[in-house]
Every structure is written in C-alpha cells, then in structure tokens.
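Inspection log for the structure reproduced underneath, given as structure tokens.
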Amino acid sequence: MRRIISVLMENEPGALSRVIGLFAQRNYNIETLTVAPTEDSTLSRLTLSTLAGDEQVEQITKQLNKLIEVVKLVDLTEGEHIERELMLIKLKATGAQRAEVKRTSDIFRGQVIDVTQSTYTIQLTGTTEKLDAFLRALPESSVMEVVRSGVSGLSRGEKVLTT
Amino acid sequence: MEKLSGADMLIRALQDEGVDHVFGYPGGAVLHIYDAVFRQNRIQHVLVRHEQAATHMADGYARSTGRPGVVLVTSGPGATNAITGIATAYMDSIPMVVISGQVQSHLIGTDSFQETDMVGVSRPIVKHSFLVRTASEIPETIKKAFYIATSGRPGPVVVDIPKDLTDPTNLFDYSYPETVTMRSYSPATRGHTGQIKKAIKLLAKCERPVIYAGGGVVQGDASSQLIELTRLLGFPITNTLMGLGAFPGTDRQFLGMLGMHGTFEANNAMHHSDLVFAIGARFDDRITNTVSKFCPYAEIIHLDIDPTSISKTVNADVPIVGPVDTVLDEMIKLLEPEVAERSEKQQQMLKEWWEQIEGWRKQDCLAVIRDESEDIIKPQEAVQAVYKATDGKAYVTSDVGQHQMFAAQYYPFDEPRKWINSGGLGTMGFGLPAAMGVQVAFPDEQVVCITGEGSIQMNIQELSTCSQYGLPIKIINVNNGSLGMVKQWQDMQYEGRHSHSYMDSLPDFVKLVESYGHVGFKIESRDELEPVMAEAMAIKNKLVFVDIMVDPSEHVYPMLIAPNGSLRDMWLSKGVRT
C-alpha cells in the first residue's frame, strides 16, 4: 500500500543522508521524496511516499523515529489528509497539436508557463493520480521532458505536525 | 573562564566525562590531540597495534564495566580500520565513543591525503555521529556523544574532528555542560502502565511459561530484577548467547541457552510454551529458526528499551517499551499478590510443565560423547577444564566459531558482564583485544580468552600490546587445525567438501608468544589438560597462551535444523536428530 510519511527533523548537514541511508540499509523503498526548511529555520520537513504493508510501515516509522535528528513524524495516510504534487512538463507543440495540447492542459487546470514556437511548458498541481492521468491523456510523442516534485501533504483539519 | 585549544578541550571534556582509559593509535590528523594526551596524566592511553583492536578493547572495557569505551584514531585508514569494531559494538548495543581525526576543513572533499568520509562510511553502524564544524562546539558535542552512547539502547557514536579545529594556537573559552537536552532524542524512562497490567494478567494465568532473556538485561543492569522476578514466578528461564550470566547459569530454573546451539530442554520449552516473556532480547534469526514455526502455541510479552526491536520479526501480543530494570521492578510489585493467590489448577499445571521440562533435561544433550580408549581431547573438555581451573569465576571473552559455542555451553556464568563475545556481528578477532579491555578495567581479575587457531590470528599482533602494558590474560587456543564451524557446515551440508576451511602452516604458538615475552604451553593429551590448565591459571603476572590440540572432527550440538525447522527440530549428535 502507498504511504505518505511526513517527517520533521533538525535542519542539519547529514540529517537527510541518514533518512535515505536508512531506507537503503533496511531494504525499504522510496517512491518520492521532497524536503525543505520550514518557517522555523532550525527544522526541515521531509515528505516521502513509499510502498509498504502495515507491518513494514510500522517498522519504517519506528526506525525513522529512532534517528537522532528526527524530531517527529506522521503517517499522513493513516488519517484524512491533503496531498499535492507539482509537475513541470515540456511538450512539442506545433501545428494542430498546439491547440490540442492547450485544450487538454486547460481541462486539467494546467498553466502554460513557457512558450516557444515549437514547445509549451506546462505547470500542473494535484494528486499523483491527477498528474498520471494528465500524462496518459497526452499523445506520448509530444512529451519532451517531465519533472515532478514528489508528494507533499498535510493532515486535514486542526491536526498539525509541530514540535 | 579557562582558555584552551580544541585539542585540550577535547581531552579535558573526556576527563570531565570521567573517562579513565582511551584506546587508540596516532596519525597525522590527530597529532594535536595526541600532544594534548601527552601533556596530561588523568587519562591513560593504551597504544594498540591495529585500530580494529582499539575498538574491541574499548568494547571489552564497556561490556565488563558498563561504562562507555573510548577510542581515538586518525583519519583515513585509522578510521576505516575501526569500522569492524564499531559494527561489532553496534550489533550488540555497546556504549562506545569513537573520536576520529579528519583532514583539515578546507581539504574535506578533495580526496586529500588520508581522507575518508568517516561519517558516511560509519553511518549504517552507529547510533549517531557528528562531524564537528567549529572548535567551540567540541565540549558540547562530546557531552552529547556520551549521552547518546549510554542512554536508551546503547550504541557506538562517532565524533569526527577536522585537524584545524584542534590547532594549539587557537584558544577558546572552555566549559563542560553538566547536562544536555535534545528535543529529538528522549529514550523511554518507564513502561506503559496499561501494557504492564496486560502482561501481569497473562503471567498470572499461563500454564507453560518460559522467560527468554537477552543481552538487554546485561546492558540494562537488570540482572538482580530478572533473578527476583524468575524466583518469584518459579518459571523456567533461558538466556540468549548475549544474555548468558544475566541469570545464574548453575541455577535449577535455568534451562541453558536457546537457539541455534541451544539446549534440548530450552528449545523444547520455548516451542511448547503457552507464554513467552521476552526481556531485552530481539528474536534474532539464530533464535527463532523458521519464524512461521516459532513458538506456535505461545502468546508473547516483549519488554525492550528499543521500540524497533518489538514486532520486527515476531509479533508481540503485549509490547512494553521501557528500561528493563524499572519495568521489572514495577512488575515484581504487581506480581507478588498474584503469585500469592495462584489457583491450585495453575499450580498443578506449572508442576506438570516442570515435569515435562525435567523429562527433556534427562536427554542430557551436552554430555560429551567420547571413546574412553582414545587420548584425544574434546574441545568441550578444554572448556570444562577452564571452568574448573577458574572456579567458574573468570571474565571469559571468546572469538567466533565452534569454541565460542562450546564456551557458551560448557562454562555456565553465574554473573552478568562476565561473558564477553561478539554475538550479533560474529567478529573473528574480537576475543583477544576484548580480553585486553577487560584486563585494563580489572587489573586484578582473572581474564580468559577462549579462542581458536583461526580467530586468534585475526588480531594476534595485539600480543605486542599485551607485553607493553603487562596484561596477564590467559589465552586458551582450542586448536583443531581448521575453521571448525565452517568445516562443520561443510560436513553437514556440502558432503564434507572442506573448501578453504583448513588452516595450513600454523605457527608454533608457544614460540610465537615467547618471542613477545609471554609464557606458552602446549597440551596434546588428556592427562595434561587439567594440571597444565591449573598451572597456567596460577601464573598471575604473565600472559599465558595455552595451545590445546583437540579433536578436529568434533561438531557443536545440539544444532537447529534449517531451513524450515522449528525450535524443536534439532541435530543432537552426528546423524541423530529429533
């Protein structure tokens, strides 16, 4: 099952390598990973998605918690949550394709953020499923380059992850 | 406030932390630090012959005293040589602080001379590590390192210090913090009351219980609580390889070690039990055999300081996270009235359980099978002779292999911290330097290293260190001329094809040790065994190496049958299985 784990950790050199190393060392998988400092510059927030069963995700969260630099974490997928991913996609857009690509992008509420005579670069935000669906809706031959941020997320409602 | 250089701050911090011994080896990146070591006399530095031995010495020191072992090595090869010892300590949860020199800050990342990314290389085998960025951080980093190494589930901590930070010309205000708090690190200080009550309920109604206690009891200094609890309950108890000595090995309630080379009675009791109370143990694969067949009738209570140990391989019905000593104290209080009011039915069931266990015990699985007409010494008899000559009271370290298992089986330990071996990592070459660490900590105690001709050669250079510091260790070389455990597996699983398990061209160990100024004995016949062993043990001020020629064909039994076996599936002797 796909899990989204959100980790609050000390914003120190080497902390990220411990998280990544843990996953490699214990044979866990990382699907996506995104990390940046928070409003409190001493803390970083890292969000990762992984494919794991109940028992494995329990071990993953416990092992992450054991890392000295990890302050707190939550498995967002355990409760109601909001998740978003950002994708930038560069497309071949010439001739009749140009209008078609724009129309598909509009349907997915994508924004064209760069234009040349032969390309569009589109920015799209949404769940992983939505971004996947957009990619499927495009003619494969038009896709030149894709970059995705990986999943970020928060719990719904009052629930927060803070120190 | 006192002004000190980074190097002096480091040494002062170690002194303020109460460190009395540092095990190490100098080199370019730690020269400023070694100069600071030279200019003081509160900490004794022990100069080894190889950095791996420094870590094992610190490890032996830590295991025997309960205090953290301290290692000082240089950058690059000094640091990488320490890795095996750090991994050994990590696997067995031993408190250790390893200070490694690093190249100057401005050279980091340039592949400079003797540069290794020590924090990176050691990352998977440390509890935590620090790369110190500024000299003024040194005292607080040292405080943190010792706090992390010794609290919660103990483990090794690496502190990597670039050479420029220890420059004697740069002085800083020195003060050593009394305490340190870290918002991201707070090990459990007591168990969850609700979980403890659930455990009490199970313990009060079970009919075929076993207490299964591991190294966590030794490391957590909870041996007295374990003994009190086990006596109060009247339950059978087994120890893991790491837990030996946590409960008296000669006590009637003790079933011996369990697992791969555990006793018939311990493994059977585990398999047939209806309640397993695991204390400071981690359900290692050398314990469980096939996990799906492990203790099929038992509910499991698991007490451990480390939440990741719980339900990692075997699901715990009642998990309790907390320090073993305080949780057991609390449980003993709650159990006293329960035991007083035990029903007749439960008393009867426990009686029948003990009768069943006594039946298994009658198998006498550790009886040494031998042909009385032959003069050849069995390796088990060598260990028994050590037991006799030391009255069962020595500190015993071992290396890894058959002799290690024989030591665990035939030298029952009545006290914790007396049995010192590399259980988790299984590091050959551990025994001698570990014994040296113990002897440094306890100069007047009898320290014995039970080893084999394979393992001893992995750190034999330390015989020189023993000469330098006058460490009167007794080395018992159980010499079967081959890598015994490898050979045993090849006999059992590879139709006797002994691929590279034969030790050709062994040295004359007696001459070898004599060249270092030690005493050597060689024993080749049974009638020499006890008298020569007694003579060796009586030499108090010298290292004595006893080279014992033993039966090269002997196997360690019992031995769990794998793959797909349960705990009751064992080889009992050659060709005889359950």
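Chains C and Y, in that order, give the protein sequences.
Taking this note's numbering, the leading residue of the first sequence gets 1, the next gets one more, and so forth.
Taking this note's numbering, the leading residue of the second sequence gets 1, the next gets one more, and so forth.
By construction, the Cβ of each residue, glycine as well, lies at the ideal position given by its N, Cα and C atoms.
The structure displayed is predicted, hence computed values, not measured ones.
Residue i to residue j, Cα distance in whole Å?
| i | j | result |
| --- | --- | --- |
| Y/Arg-190 | Y/Ala-278 | 17 angstroms |
| Y/Gln-457 | Y/Glu-372 | 32 angstroms |
| Y/Leu-10 | Y/Asp-16 | 10 angstroms |
| Y/Phe-545 | Y/Val-510 | 7 angstroms |
| C/Ser-17 | C/Val-35 | 12 angstroms |
| Y/Ser-499 | Y/Gly-155 | 36 angstroms |
| C/Ile-78 | Y/Arg-123 | Here the sequence assigns Glu to residue 78 of chain C, which means Ile is not the residue at that position. Those two C-alpha atoms are separated by around 30 angstroms. |
| Y/Phe-146 | Y/Val-180 | 10 angstroms |
| C/Asp-75 | Y/Met-182 | 23 angstroms |
| Y/Ala-408 | C/Ser-149 | 54 angstroms |
| Y/Leu-255 | Y/Asp-8 | 52 angstroms |
| Y/Asn-480 | Y/Ile-357 | 34 angstroms |
| Y/Ile-604 | Y/Phe-442 | This structure leaves residue 604 of chain Y out entirely; chain Y is present only between 1 and 578. |
| Y/Glu-530 | Y/Lys-127 | 44 angstroms |
| C/Thr-32 | C/Thr-121 | 22 angstroms |
| C/Lys-102 | C/Leu-131 | 16 angstroms |
| C/Ala-96 | C/Leu-138 | 14 angstroms |
| Y/Lys-574 | Y/His-555 | 8 angstroms |
| Y/Ala-53 | Y/Ser-422 | 13 angstroms |
| Y/Arg-63 | C/Thr-128 | 51 angstroms |
| C/Ser-152 | Y/Ala-246 | 48 angstroms |
| Y/Leu-560 | Y/Leu-229 | 29 angstroms |
| C/Val-7 | C/Lys-62 | 12 angstroms |
| Y/Ile-377 | Y/Asp-491 | 20 angstroms |
| Y/Gln-363 | Y/Glu-265 | 8 angstroms |
| Y/Lys-333 | Y/Tyr-212 | 20 angstroms |
| C/Thr-42 | C/Leu-161 | 15 angstroms |
Contact check, residue i vs residue j under 8 angstroms by CB: the rounded distance?
| i | j | result |
| --- | --- | --- |
| Y/Thr-134 | Y/Gly-101 | Not quite, the Cβ-Cβ distance comes to about 16 angstroms (not below 8 angstroms), so this is no contact. |
| Y/Ala-382 | Y/Val-519 | Not a contact, Cβ separation roughly 18 angstroms. |
| Y/Ser-184 | C/Val-71 | 4 angstroms |
| Y/Leu-4 | Y/Phe-130 | Incorrect: roughly 19 angstroms between the Cβ atoms, too far for contact. |
| Y/Gly-215 | Y/Asp-317 | So it is not a contact: roughly 22 angstroms between Cβ atoms. |
| Y/Asp-59 | Y/Met-96 | 6 angstroms |
| Y/Met-405 | Y/Ile-200 | Rounded, the Cβ-Cβ distance is 36 angstroms, inconsistent with contact. |
| Y/Thr-116 | Y/Ala-79 | 5 angstroms |
| Y/Gln-225 | Y/Asp-325 | 5 angstroms |
| C/Leu-51 | C/Met-1 | 7 angstroms |
| Y/Gln-19 | Y/Ile-43 | Before going on, a small fix: residue 19 of chain Y reads as Val here, not Gln. Indeed, because the Cβ distance is near 6 angstroms, the residues count as touching under 8 angstroms. |
| Y/Met-57 | Y/Met-428 | Incorrect: roughly 16 angstroms between the Cβ atoms, too far for contact. |
Checking contacts by CB at 9 angstroms: is residue i closer than that to chain Y?
| i | result |
| --- | --- |
| C/Gly-53 | no |
| C/Pro-13 | yes |
| C/Gln-111 | no |
| C/Met-9 | yes |
| C/Glu-58 | yes |
| C/Thr-162 | no |
Let me make sure I understand the geometry here. Which of the options has the alpha-carbon closest to that of residue i?
| i | options | result |
| --- | --- | --- |
| Y/Cys-449 | Y/Gly-496, Y/Val-396, Y/Arg-497 and Y/Val-513 | Y/Val-396 |
| Y/Ile-148 | Y/Ile-108, Y/Pro-68, Y/Ala-204 and Y/Gly-517 | Y/Pro-68 |
| Y/Leu-506 | Y/Glu-453, Y/Arg-153 and Y/Leu-334 | Y/Glu-453 |
| Y/Thr-263 | Y/Pro-168, Y/Leu-567 and Y/Pro-139 | Y/Leu-567 |
| Y/Leu-165 | Y/Tyr-174, Y/Ile-138 and Y/Ile-142 | Y/Ile-138 |
| Y/Trp-489 | Y/Pro-187, Y/Met-260, Y/Leu-432 and Y/Gly-280 | Y/Met-260 |
| C/Gln-56 | Y/Ser-482, Y/Ile-310, Y/Gly-220 and Y/Lys-205 | Y/Ile-310 |
| C/Lys-159 | C/His-81, C/Gly-95 and C/Ser-44 | C/His-81 |
| Y/Glu-445 | Y/Phe-294, Y/Val-19, Y/Ala-269 and Y/Leu-543 | Y/Leu-543 |
| Y/Gly-470 | Y/Tyr-516, Y/Asn-477, Y/Tyr-494 and Y/Leu-425 | Y/Tyr-516 |
| Y/Ser-112 | Y/His-192, Y/Met-57 and Y/Ala-29 | Y/Ala-29 |
| Y/Gly-339 | Y/Leu-366, Y/Gly-359 and Y/Cys-206 | Note that residue 339 of chain Y corresponds to Val in the displayed sequence, not to Gly. Answer by Cα proximity: Y/Cys-206. |
When the cut-off is 9 angstroms and only beta carbons count, does residue i lie next to chain C?
| i | result |
| --- | --- |
| Y/Leu-303 | no |
| Y/Ser-129 | yes |
| Y/Arg-231 | no |
| Y/Asp-306 | yes |
| Y/Ser-311 | yes |
| Y/Asn-315 | yes |
Please compile the residues from chain B whose C-beta is within a distance smaller than 8 angstroms of the C-beta of residue i.
| i | result |
| --- | --- |
| C/Ser-17 | Any reference to chain B falls outside this structure, whose protein chains are C and Y. |
Contact residues within the stretch 60–74 of chain C, judged by C-beta distance below 9 angstroms to chain Y:
Interface annotation for the stretch 60–74 of chain C against chain Y: Lys-62, Gln-63, Asn-65, Lys-66, Leu-67, Ile-68, Glu-69, Val-70, Val-71 and Lys-72, criterion Cβ-Cβ distance under 9 angstroms.
Listed in chain order, which residues of the stretch 20–39 of chain C have Cβ atoms closer than 7 angstroms to some Cβ of chain Y?
Those residues of the stretch 20–39 of chain C placed with their C-beta closer than 7 angstroms to a C-beta in chain Y are Gly-21 and Gln-25, ordered along the chain.
Determine which residues of the stretch 182–197 of chain Y have a Cβ less than 8 angstroms from any Cβ of chain C, and write them out in chain order.
Within the stretch 182–197 of chain Y, the qualifying residues are Met-182, Arg-183, Ser-184 and Tyr-185.
Note down, in chain order, all residues in the stretch 148–159 of chain Y with a beta-carbon under 8 angstroms from any beta-carbon belonging to chain C.
Listed by position along the chain: Ile-148.
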